[in-house]
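Trainee: Numbering of the sequence shown is given in my numbering, commencing with residue 672 and proceeding in unit increments. This is the structure, below, for whatever I ask next.
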Amino acid sequence: MKSVLTVVGALLIVVITALRVFAPPQLDKGMNVVKPHEPYAISAEARALHDDLFIVDLHSDSLLWDRDLLQESDYGQVDLPRLQRGNVAMQVFSATTKSPTGQNYESNEAGTDTITALAIVQGWPYSAWLSLYGRAEFQLKKLLRLVQDSDGQMLFVRNKADLERLLGERKAGKRTVGAMYLIEGAHPLEGEIDNLDRLHAQGLHFVGLTHFFDNRIGGSLHGVSGEGLTPFGREVIKRADALGMNIDIAHASPQMVRDVLALAERPVILSHGGFKGLCDSPRNLDDALMREVAARGGIIGVGYWDATVCDDSPLGVVRAIRYGIELMGLEHIALGSDYDGTVATTFDTSELAALTQAMLDEGFTEDEIRAVMGGNMQRYLLEQLP
Ligand SMILES: [Zn+2]
């Protein structure tokens, strides 16, 4: 009996070790896909302009995966070398902390979760196995460690002084990449408002409200209730305002977006999304609501994947950007890739010059290109950061 147990135990260890080593890269490779394509032709004019831009991307889920982001990988969509080659000046890193099985854009119950298995198989600390707060804190610490280990090539931005330092380094010709932190859904607060203070004290700036399911803050765009802010949700908005944080309305139900716009004192972002009037997808909000977001000073990061833009080529993304400028006004449009967020794209972050090229091809002015690629977010952050 004892020897049987030993064999079973040994087998289990082999299976867990094999899963630990082989499963995460396979999942990452299979879910964060850059579609095969020929290299994009970039003109000398586009290259010169692109190299002179201050580029901000509002949403990447790269912290979710077991990949060294300081090294270039031949899979996934974001790492430091590729951010630098794409001339990205600021990357907002988001934390996914819970995700329902069978996740879809139409309707999800809150009962199931796939991140638990991912956390265990990727060897996250025990504190992040079952606690959603633990998962948010773990990913934030992971980002801070990344910045610390980057030998000055990354800079964590939590206030205006940090941003000004980043702007100075970029102006001096350094390809320093700024990093900010966002929670994708406020369920890691676990219903305790003090947890918002705790994450803020460690560097959280952008507070997403919901992800794919209804939570204690209110209804998701992909949930079942369609409800607006709950009393706890209202408390979160007020506390975020008081702490000088900005709300991310990505994945929020239309009613929740209306409630937030009525209550929040500070302009929101929609970190990754698109326009229903152009691309009629359950992932997008309707044009009238997007105009209200703009009227309250909000900014949308336009996504690069089919559910947000319907045509995921560089030209298709640029046409969505043009649609957004006409709908909301130039100063309200930014980039929100959702890289490494289990989406397939036609270019990774090192290939962002393809967007600059497509904008030039579509007759965008230099001022328009500068604003969309990051100028708008630079202005917004200079106004909003404490
Ligand atoms: Zn998302």
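All C-beta atoms, glycine included, are put in the ideal place defined by N, C-alpha and C.
Confirm, please, whether the CB-CB distance from Tyr1010 to Ser765 is below 8 Å.
Mentor: Their beta carbons are not under 8 Å apart, which means Ser765 does not touch Tyr1010 by this criterion.
Trainee: Go through the stretch 781-823 residue by residue and report every complete run of the alpha helix (DSSP H) that reaches 4 residues or more, in order.
Mentor: With a minimum length of 4 residues, the continuous alpha helix (DSSP H) runs that stay inside the stretch 781-823 are 786-792, 803-819.
Trainee: Give a single yes or no on whether Glu898 has its beta carbon closer than 7 Å to a heavy atom of ligand 1.
Mentor: Not so, every heavy atom of ligand 1 lies at least 7 Å from the Cβ.
Trainee: Please report the distance separating the alpha-carbon of Ser896 from that of Phe884.
Mentor: Rounded to the nearest angstrom, the two C-alpha atoms are 9 Å apart.
Trainee: What number of angstroms, rounded off, separates the C-alpha of Asp977 from the C-alpha of Asp983?
Mentor: Taking the straight line joining both Cα atoms gives about 5 Å.
Trainee: When the Cα atoms are used, what is the spatial distance from Asp699 to Leu1052?
Mentor: Asp699 and Leu1052: Cα-Cα distance of roughly 31 Å.
Trainee: How would the residue list near ligand 1 read, in chain order, if you kept each one whose beta-carbon is closer than 6 Å to any heavy atom?
Mentor: Listed along the chain, these residues meet the criterion: Glu855, Ala921, His922, His943, Asp1009, Gly1012.
Trainee: Quick one, which of Asp912, Arg990, Asp737 has its alpha-carbon nearest Leu934's?
Mentor: That would be Asp912, whose Cα lies nearest to the Cα of Leu934.
Trainee: Can you find the residues in the same chain that come closer than 7 Å, C-beta to C-beta, to Ala694, ignoring five residues on each side of it along the sequence?
Mentor: Val792, listed in sequence order.
Trainee: Using a Cβ-Cβ distance under 8 Å, would Gly945 count as near chain C?
Mentor: Judged by its chain identifiers, the structure shown contains no chain C, having just a single protein chain.
Trainee: In angstroms with no decimal places, state the Cα-to-Cα distance between Asp784 and Asp739.
Mentor: Rounded to the nearest angstrom, the two C-alpha atoms are 25 Å apart.
Trainee: Within this structure, are the beta carbons of Gly974 and Gly945 separated by less than 8 Å?
Mentor: Yes. Within cutoff.
Trainee: Roughly how many angstroms lie between the CA atoms of Ser798 and Asp1032, to the nearest whole one?
Mentor: So the alpha carbons of these two residues sit roughly 50 Å apart.
Trainee: Along the chain, where does the alpha helix (DSSP H) that runs through Asp930 open and close?
Mentor: Run containing Asp930: 925-934, per the alpha helix (DSSP H) assignment.
Trainee: Apart from the five residues just before and just after Leu826, which ones in its own chain have a Cβ nearer than 6 Å to its Cβ?
Mentor: These residues qualify, in order along the chain: Leu837, Thr847, Gly849.
Trainee: Kindly indicate which residue of Cys950, Met1048, Pro953, Leu724 has the alpha-carbon position closest to the one of Leu1026.
Mentor: Nearest option by C-alpha distance: Leu724.
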